[in-house]
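Engineer: Residue numbers (our numbering): 19 to 287. Built from N, CA and C at the ideal position, the CB exists for glycine as well. Small disclaimer: the values here were computed from a predicted structure and weren't measured.
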Ligand SMILES: Cc1cc2nc3c(=O)[nH]c(=O)nc-3n(C[C@H](O)[C@H](O)[C@H](O)COP(=O)(O)OP(=O)(O)OC[C@H]3O[C@@H](n4cnc5c(N)ncnc54)[C@H](O)[C@@H]3O)c2cc1C
């Protein structure tokens with residue numbers, strides 16, 4: 019849609035130009051920004067003009083630039099030992115958005131937006147990725163993605179801060195993962211998305227997104243018993259309530275999925 023209040027779109031070429039005037043906001047792909055009215059928005063700062071590398075393999079894992087598109091992420095050349103690689107496409111396909119949106123929407127934009135059904139948040143939380151934030155004083159800080167999204171359209175970003183990158187550790191990429199998702203209609207927005215990750219060292223992590231207002235992670239030193247997992251889920255009280263699912267349905271489906279995942283990743287029956 020036309021954003022009739024926007025009078026300026028800046029295309030910065032360096033970090034020095036990344037300060038925001040009142041009414042200005044950073045833009046990734048703009049797929050959400052241009053999808054609804056943005057009261058008070060007078061200017062956009064197009065982060066894609068900064069030329070950030072989309073994907074870099076480092077000695078510690080993979081760094082995903084915030085402006086990496088979802089399509090680019092699905093084309094990551096995975097090493098054979100990255101057992102978690104299929105999760106990338108599973109999460110991309112969990113977005114209500116089609117492949118056309120994937121070509122424009124950025125991974126950073128999805129995480130920074132903080133929607134419960136933000137499937138890049140699901141992916142990055144599951145993989146214990148770290149969000150790299152550019153602070154307004156010219157510095158940098160890091161925070162786990164699972165803690166970065168703090169509520170519905172709420173994040174740990176302070177005004178003027180920019181999400182620069184997401185760092186995925188090798189150990190997570192080498193973990194085995196399992197995935198379950200449900201929506202009220204076949205192509206509908208996620209009602210809940212539950213993942214499991216079993217690290218080589220034995221740690222078992224269940225991550226719930228979409229069903230909860232922010233990512234919820236349940237961590238165990240090893241694959242837990244059915245009872246221990248169920249008790250941990252009983253303690254979750256942040257079930258989301260919107261037209262895409264009632265909280266009691268989200269709790270019930272998430273609990274069932276978590277148990278399926280526990281068994282899939284090696285838990286006893
Ligand atoms: C048909 C359709 C279906 C969709 N389905 C889903 C869905 O299922 N789940 C979902 O979560 N979203 C969905 N969306 C919304 C949106 O397309 C995605 O969330 C997308 O990933 C947003 O990325 P973007 O780069 O386009 O963000 P933008 O629209 O550019 O920005 C989104 C928000 O994040 C901020 N932002 C962007 N990048 C950064 C950054 N690097 N640092 C700080 N702030 C930043 C912007 O200021 C803005 O507030 C859908 C959109 C459409 C049109």
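1) Can residue 128 be considered in contact with ligand 1, in the sense that its beta carbon sits closer than 7 Å to one or more heavy atoms?
2) On a CA-only basis, which of 144, 212 and 76 is nearest residue 271? Give me that one, please.
3) For a quick check, are the C-beta atoms of residue 150 and residue 185 less than 8 Å apart?
4) Using three-state DSSP, classify residue 207 as helix, strand or coil.
5) Under the rule that 16 or more other beta-carbon atoms within 10 Å means buried, what is residue 121, buried or exposed?
6) For residue 169, does the count of other Cβ atoms within 10 angstroms reach 16, so buried, or fall short, so exposed?
7) Less than 7 Å separating the Cβ of residue 106 from some heavy atom of ligand 1?
8) Sorry if obvious, but does the Cβ on residue 53 come closer than 7 Å to a heavy atom of ligand 1?
9) How far does the alpha helix (DSSP H) with residue 244 in it reach, from first residue to last?
10) Does ligand 1 have even one heavy atom less than 7 Å from the beta-carbon of residue 200?
11) DSSP three-state label for residue 79, please.
12) Hey, residue 218 and residue 237: beta-carbon distance below 8 Å or not?
13) Is it buried or exposed for residue 197, if we count other Cβ within 10 angstroms and need 16 for buried?
14) Can you tell me which of 247, 266 and 205 puts its alpha carbon nearest to the alpha carbon of residue 116?
15) So what's residue 201 in DSSP terms, helix, strand or just coil?
16) Within a Cβ cutoff of 6 Å, which residues of the same chain sit near residue 103, ignoring the five residues on either side of it in sequence?
17) Rounded to whole angstroms, what's the CA-CA distance from residue 92 to residue 82? Just pull it up for me.
18) Among 258, 226, 266 and 231, whose alpha-carbon lies nearest the alpha-carbon of residue 277?
Structural biologist: Straight from the coordinates:
1) yes
2) 212
3) yes
4) coil
5) exposed
6) exposed
7) no
8) yes
9) 244-252
10) no
11) strand
12) no
13) buried
14) 205
15) strand
16) 96
17) 12 Å
18) 226
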